[in-house]
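Residue numbering for the sequence shown is 18 to 414, as defined by the numbering used here. Note sheet for the following structure.
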Amino acid sequence: MKILSVFGTRPEAIKMAPLVKVLELTPSIESLVCVTGQHRQMLDQVMQLFQIRADFDLAVMQPNQTLNGLFARAMSGVDEVIAKVRPDVVLVHGDTSTACACALAAFHRRVPVGHVEAGLRTGNLSMPFPEEMNRRTVDGVSEWMFAPTLTSKANLLRENLQGRIHITGNTVIDALAATCDTLHSNDTLAAQMHANYPWIDPSRKLILVTGHRRESFGDGFRSICAALAELSKRPDVQIIYPVHLNPAVRDVVMSSLGQCNRTHLIEPLDYLDFVWMMQRAHIILTDSGGVQEEAPFLGKPVLVMRDVTERPEAVAAGTVTIVGTSTLRITEAVRRLLDDAPYHASFSRRINPYGDGKASQRIVSALMGRNFREFGAAVADGTPLPSTHAMSMDSDG
Ligand code: UD1
Ligand code: UDP
18 MKILSVFGTR PEAIKMAPLV KVLELTPSIE SLVCVTGQHR QMLDQVMQLF
68 QIRADFDLAV MQPNQTLNGL FARAMSGVDE VIAKVRPDVV LVHGDTSTAC
118 ACALAAFHRR VPVGHVEAGL RTGNLSMPFP EEMNRRTVDG VSEWMFAPTL
168 TSKANLLREN LQGRIHITGN TVIDALAATC DTLHSNDTLA AQMHANYPWI
218 DPSRKLILVT GHRRESFGDG FRSICAALAE LSKRPDVQII YPVHLNPAVR
268 DVVMSSLGQC NRTHLIEPLD YLDFVWMMQR AHIILTDSGG VQEEAPFLGK
318 PVLVMRDVTE RPEAVAAGTV TIVGTSTLRI TEAVRRLLDD APYHASFSRR
368 INPYGDGKAS QRIVSALMGR NFREFGAAVA DGTPLPSTHA MSMDSDG
């Protein structure tokens, strides 16, 4: 079976890397990788970390790219690759322009599509924009829908789609568990991480921030930055914010927060470093999908700076709270977590609603027509959860 995996952004690469590794090790599968290069620098660091080589690189990224320009370049580029390779299956991931354009290109060539991370929904086409539309479109043309959770499967069932649905868990936990193990088992690496960030002050609580959603551009980001500026006045905290490379984000973040005390605006971190940083965080403030899935596995409280999430599982479990982009709501929620230790502790439970580290294996089993236990079933059966090393390593104890 010839399988072409296509991805282009940082989160897709992180979440497809463990799957590509399993595909490569499966004797009856010929695995090929095409990257669109929708992200350039942020993609390349992930490829290096997981040692994945692209067979095709479409290099579509342009500065300040428009959604339509990007979509068109990805679609026509991957169309040529599909025509040349003639794969049996095209695998795409999630909700990006790359995923949607490449799924449609495969569909037009009548090549079956497998959607990794299928079925996430907010029910609102504007949030996240344009990702909610991308997800729905990809699921609509997919023959295999790899739903991470029971909730995402239920979303798909409501839509009466044609493809088969398998609950696999999210491959992000495969990637995270492996990365935590690497950090835990390699003392030299751990020492190197400390050496990389000598300015982290262990006596101050670390607030780790990421943000990049299009629907928050403008007022939303100004409001988020006002909250961070306010919080930076507290002497007991330090803020670390790896700033997304999108100029629409960078301009407002740099100009609003550049002069704030104890606030470190840094370049996007390599995944290894970012996982290390999450392990040290006291609170994570984010609008990222992937971080919402990773933080509960690490036992870290997360405040989601969006009005709605397509990842309700950790909210239901009480370790993630939606705070939107309002300055007041963000500052109040952070202050409560900083000042109320029992409240913080109640948020800091390690839970695994998104995966158990075996999602990639399940996806390959499904593609090969083998029987396997679905993700929810594995948890219900009491199958041990992976990685005892992912536990919280909060620097302030
Ligand atoms: C995309 C995805 C979003 C995902 C996010 C992860 C779409 C529609 N959205 O949004 O689902 O959550 O990636 O980060 O596909 N840039 C660089 N170098 C990089 C990466 C980005 O310079 O390595 C800059 C470029 O100027 C680019 C801009 O960031 O034009 C925006 O990138 P783009 O992929 O268009 O959108 P994201 O907002 O990153
Ligand atoms: N991430 C990273 N470096 C950073 C910030 C995030 O490696 O500086 C990782 C993070 O751990 C997660 C993924 O990137 O796995 C999320 O990417 P992003 O927030 O860009 O996209 P989203 O998940 O919202 O689609």
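Using N, Cα and C, we set each Cβ at its ideal position, and we do this for glycine too. As the structure is a prediction and not an experimental result, all values here were calculated from the model.
- If you look at His-281, you'll find it in the beta strand (DSSP E) that goes 280-283.
- About 6 Å separates the CB atoms of Val-23 and Val-109; that is less than 8 Å, so the two are in contact.
- Contact between Leu-345 and Ile-224 is absent: CB atoms are separated by about 17 Å, not below the 8 Å threshold.
- The criterion of a C-beta distance shorter than 8 Å is satisfied by Pro-259 and Phe-291.
- Exposed is the label assigned to Ser-202, since fewer than 16 other Cβ atoms lie within 10 Å of its Cβ.
- Restricted to the region 292-338, the beta strand (DSSP E) segments that are unbroken, complete and at least 3 residues in length are 300-303 and 319-321, listed in chain order.
- At least one heavy atom of ligand 1 lies closer than 7 Å to the C-beta of Thr-115.
- Taking the Cα positions, Cys-197 is about 22 Å away from Leu-42.
- No Cβ-Cβ contact shorter than 8 Å links Met-271 with Leu-262.
- Scanning the region 177-206 from its first residue to its last, the whole beta strand (DSSP E) runs of 3-plus residues come out as 181-184.
- Under DSSP, Gln-255 shares a beta bridge with Leu-223.
- Annotation: the continuous beta strand (DSSP E) that includes Cys-51 extends over 47-52.
- Ligand 1 never approaches Asn-278 closely enough for any of its heavy atoms to be under 7 Å from the residue's Cβ.
- Secondary structure at Phe-234: coil, using DSSP grouped into helix, strand and coil.
- Pairing Lys-32 with Asn-187, the inter-Cα distance amounts to about 8 Å.
- Distances taken from the Cβ of Ser-377 to the heavy atoms of ligand 2 include none shorter than 7 Å.
- Pairing Lys-38 with Asp-357, the inter-Cα distance amounts to about 43 Å.
- By the CB criterion at 8 Å, Thr-185 and Arg-366 fall outside the cutoff.
- With contacts defined by Cβ atoms closer than 8 Å, Pro-318 and Thr-336 form a contacting pair.
- Among the bridge pairs identified by DSSP, Leu-21 is matched with Leu-49 and Val-107.
- Less than 8 Å divides the Cβ of Ala-135 from the Cβ of Leu-173.
- The alpha-carbon separation between Ser-240 and Ser-343 amounts to approximately 6 Å.
- Closest in alpha carbon position to Ile-368, among Ile-190, Gln-79 and Pro-313, is Pro-313.
- Taking Ala-122 as the centre and dropping the five residues before and after it, the same chain places the C-beta of Met-92, Val-95, Asp-96 and Ile-99 closer than 7 Å to its C-beta, in chain order.
- Selection His-183, Arg-231, Gly-54 and Asp-112 evaluated against Glu-391 yields His-183 as nearest (Cα-Cα).
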